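Using the working numbering, the first residue of the sequence shown is number 29, and each one after it goes up by one. One structure is given below, encoded as structure tokens.
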Amino acid sequence: MAWSLTIVTTCLIVGLGILERVIVNHRLSKINGVRASILGGNPITSFYAFFKAGYMHANNRLQENFTNMFANASPSCPHAVELTIFGHRSIMTIDPEHIKALLATNFAHFGKGPRFHRTWEPFLGDSIFTTDGRLWQQSRTLIRPMFVTQRVRDLDILERWTDVLIDKLPGSGQTVDVCDLFYRMTLDAITDYLLGQSVESLDKPNGEFTRAFTQVQRIQMRLAIFAWVVSQRDFLPFNRFVPQEEYRKGIKVLETFIQPFIEATLALTPEQLETRSKSDRDFTFLHHMALFSRDPKVIRDQLMAVLLAGRDTTAATLSWTMYELSNYPEIWRKLRSRVLERVGPHAAPTYEDIKDLTCLTHALNETLRLYPAVPYNVRSCLQDSTLPGKPGQPDIAVLKGDHVLYSTLVMQRRRDLYPPVSENFADPAVYSPERWEHWTPKPWQFIPFNGGPRICIGQNFAMTEMAFTLVRLLQRYERIEYRGDWAAQYLKADIVGCPGLGVPIALYEAKW
Ligand code: HEM
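Below, the structure written as structure tokens:
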């Protein structure tokens with residue numbers, strides 16, 4: 029009996045594998061393109077490759093796994109491979125030209141897709157993050173005005189929350205996990221900016237909102253991984269691994285918190301909102317939304333999306349910057365002397381100060397080069413398309429419904445994309461803000477904020493917030509010291525990649 033079952037199952041798997049190949053090859057024959065190297069050539073090797081990726085992710089070794097996927101790729105297409113699971117084809121790439129095609133030249137052929145929308149809908153609804161086409165375009169038009177330079181120039185909110193952050197830092201020489209504080213500060217700043225009132229997580233680290241926000245994101249990541257494997261969210265064997273109850277409860281907590289703000293805003297008449305829009309101080313993101321839509325769900329969805337986009341990304345980048353700077357005291361000293369020269373020891377920097385302090389932009393760019401906040405990303409193919417082949421080689425065919433996964437992290441760490449090491453150009457694996465004084469990356473080889481029509485809307489806001497925070501820290505502290513095992517650090521990659529061991533450091537106050 030057991031033997032017959034094994035034989036039937038094996039035949040079924042093999043049969044399915046053959047059928048799948050025939051169908052895919054038939055569809056591919058209609059497109060002018062070839063396949064990338066096949067990682068899992070049959071259901072068994074595909075499953076192995078998939079479970080290995082899951083195992084490596086659980087052990088925080090996804091970067092190593094993603095890098096190794098290309099070890100046996102064909103020389104004609106060395107930076108893309110494909111994998112088919114349950115009939116769903118995924119192409120993995122670390123080729124800047126492929127990413128350019130996905131995000132810009134063939135933009136209309138690729139998008140978030142219906143599966144992404146279905147998976148993220150309970151949390152982010154029909155927001156800028158989960159939609160394509162007209163709905164996405166409308167969201168973008170709605171949100172963009174709140175992140176134009178004129179708005180970002182107002183630094184009051186940043187000053188308020190960096191002051192609280194510095195208040196929370198212990199005395200000179202005492203150890204603190206600055207990563208935890210950055211996550212709380214950026215949550216306080218972004219809720220203040222969006223709602224006009226902060227959740228004050230620096231004061232209440234274990235508040236209900238803070239916990240729910242972290243929890244929902246963690247579960248959402250798991251859902252996203254399962255959805256990549258299977259097309260139905262209700263696919264039973266996988267659903268059991270996801271605490272749906274906790275997920276729903278977490279979303280409810282977030283909604284209960286933001287609902288009164290939405291109601292209060294919708295209670296204002298369009299005339300009152302119009303009057304408020306004249307004042308930078310009292311005009312929040314929420315007011316701006318209400319000027320365009322009176323639908324509480326539309327406002328709720330976009331709020332959640334920007335909250336998600338604006339919090340962890342900046343916190344993680346600031347954390348990695350402090351982690352690297354704690355290893356290079358001479359860079360800290362140099363940055364500090366530039367800041368003191370330009371801003372002095374106490375004054376808050378202006379927007380112009382921040383933009384003129386190019387050494388800070390270089391330090392942040394260098395962090396984003398080594399640790400792009402969104403290390404892995406995915407696009408769904410919305411209509412049959414191609415990714416460009418190497419010069420002289422055919423293009424790679426992509427079928428409607430295929431997924432293309434790309435890793436900014438692994439791509440930006442490809443040595444062959446950098447000039448040779450020289451006096452002005454340190455080893456690309458090393459943190460060296462100075463390299464930016466003599467070097468500009470080629471287009472599409474440095475894309476921490478993505479590129480093309482869906483480029484990050486909050487880029488300027490994020491760079492300003494992070495540089496402002498660094499200025500305040502550099503003014504106050506003359507020295508920084510790492511208080512953990514620096515070399516043992518690892519990148520914990522969920523939606524955003526953060527330092528897995530936190531950033532335990534000691535800061536030494538300057539004596540004036
Ligand atoms: C270091 C900081 C940040 C990094 C590295 C970053 C990176 C990114 C990336 C890679 C995307 C593309 C996601 C995708 O399409 O799959 C994105 C989109 C987006 N980001 Fe950021 N981001 C940062 C900070 C912010 C901030 C502070 C905000 C707002 C407060 C923000 C708002 C957005 C929005 C609204 C989108 C969606 C754009 C669209 O789909 O059209 N981001 N960001």
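All C-beta atoms, glycine included, are put in the ideal place defined by N, C-alpha and C. Computed from a prediction, not measured in an experiment: that's the story for all the values here.
| query | Within the chosen definition, does the segment 302 to 313 reach the segment 274 to 285 through at least 3 CB pairs nearer than 8 angstroms? | reply | no
| What span of residues does the beta strand (DSSP E) with Asn405 cover, start to end? | Tyr404 to Cys409
| DSSP-derived helix/strand/coil call for Tyr351 | helix
| field | Residues that DSSP places opposite Thr112 in a beta bridge | value | Arg117
| Three or more beta-carbon pairs under 8 angstroms between the segment 142 to 153 and the segment 238 to 255, yes or no? | yes
| said: I'd like the ranges of any beta strand (DSSP E) spanning at least 3 consecutive residues and lying wholly in the segment 477 to 533. | reply: 505 to 510, 519 to 521 and 525 to 527
| request: Report the residue ranges of all alpha helix (DSSP H) runs contained in full by the segment 203 to 244; include only those spanning at least 4 residues, in chain order. | output: 206 to 223
| field | Boundaries of the beta strand (DSSP E) in which Ile475 is found, first to last residue | value | Where Ile475 is concerned, there is no enclosing beta strand (DSSP E), given that its DSSP letter is neither H nor E.
| query | Assuming Val426 and Thr414 make a contact with CB atoms under 8 angstroms, what is their CB distance in whole Å? | reply | 6 angstroms
| What is the residue span of the beta strand (DSSP E) that Ile72 lies within? | First-last for Ile72: Pro71 to Ala86, but that is the alpha helix (DSSP H), not the beta strand (DSSP E).
| query | Can you list, in chain order, the residues of its chain whose CB lies under 6 angstroms from that of Ala521, leaving out five sequence neighbours each side? | reply | Leu90 and Pro403
| task | Kindly examine the ligand HEM and report whether one of its heavy atoms sits closer than 7 angstroms to the Cβ of Cys105. | result | no
| query | On the three-state DSSP scale, how would you describe Phe138? | reply | strand
| Best match in Lys539, Asp430, Ile113 and Leu353 for proximity to Gly69 [C-alpha to C-alpha] | Ile113
| query | Is the closest heavy atom of the ligand HEM to the C-beta of Phe320 under 7 angstroms? | reply | no
| query | What residue from Ala495, Arg117, Ser354 and Ile253 has the CA that sits closest to Arg366's CA? | reply | Ala495
| Closer than 7 angstroms: is that where the CB of Leu396 sits relative to any heavy atom of the ligand HEM? | yes
| field | For Tyr505 and Gln517, the rounded distance between their alpha carbons | value | 23 angstroms
| request: Run the proximity test for Cys207: is its beta-carbon closer than 7 angstroms to any non-hydrogen atom belonging to the ligand HEM? | output: no
| said: Is Pro456 near the ligand HEM - that is, is its Cβ less than 7 angstroms away from at least one heavy atom of it? | reply: no
| message | Measuring only the C-alpha atoms, how far is Leu193 from Thr95? | response | 37 angstroms
| Among Leu222, Gly530, Arg162 and Pro103, the one whose alpha carbon lies nearest that of His315 | Leu222
| query | What is the rounded straight-line gap between the Cα of His116 and the Cα of Leu501? | reply | 48 angstroms
| said: For Phe157 and Lys140, what's the separation of their Cα atoms in angstroms? | reply: 8 angstroms
| request: Out of Tyr434, Pro456, Val449 and Val244, point me to the one whose CA is closest to Arg442's CA. | output: Pro456
| Sequence-distant residues of the same chain with beta carbon closer than 7 angstroms to Glu48, five excluded per side | Thr112 and Gly115
| query | Which class does Ala425 belong to by DSSP, given the choice of helix, strand or coil? | reply | strand
| message | So, at 6 angstroms on beta carbons, what are the nonlocal neighbours of Gln260 in its own chain, with the 5 sequence-adjacent residues on each side left out? | response | Bear in mind that a pLDDT of 43 at Gln260, under 50, signals an unreliable position, so the number given afterwards is only what the model happens to contain. Cβ within range, chain order: n/a, list empty.
| field | Sheet register partners of Ser450 (DSSP bridge) | value | Phe453
| said: What I want to know is whether the C-beta of Ile508 ends up closer than 7 angstroms to one or more non-hydrogen atoms of the ligand HEM. | reply: no
| query | Taking just the CA atoms, how far does Ser229 sit from Gly235? | reply | 7 angstroms
| task | Return helix, strand or coil for His431, following the three-state DSSP convention. | result | strand
| request: Would you mind giving the Cβ-Cβ distance between Ser65 and Asn100, rounded to the nearest angstrom? I have them listed as a contact below 8 angstroms. | output: 7 angstroms
| CA-to-CA distance, Arg397 to Thr468, given in whole angstroms | 12 angstroms
| query | Is Tyr275 helix, strand or coil when you go by DSSP? | reply | helix
| said: Is any non-hydrogen atom of the ligand HEM found closer than 7 angstroms to the C-beta of Phe157, if you look at the structure I gave you? | reply: yes
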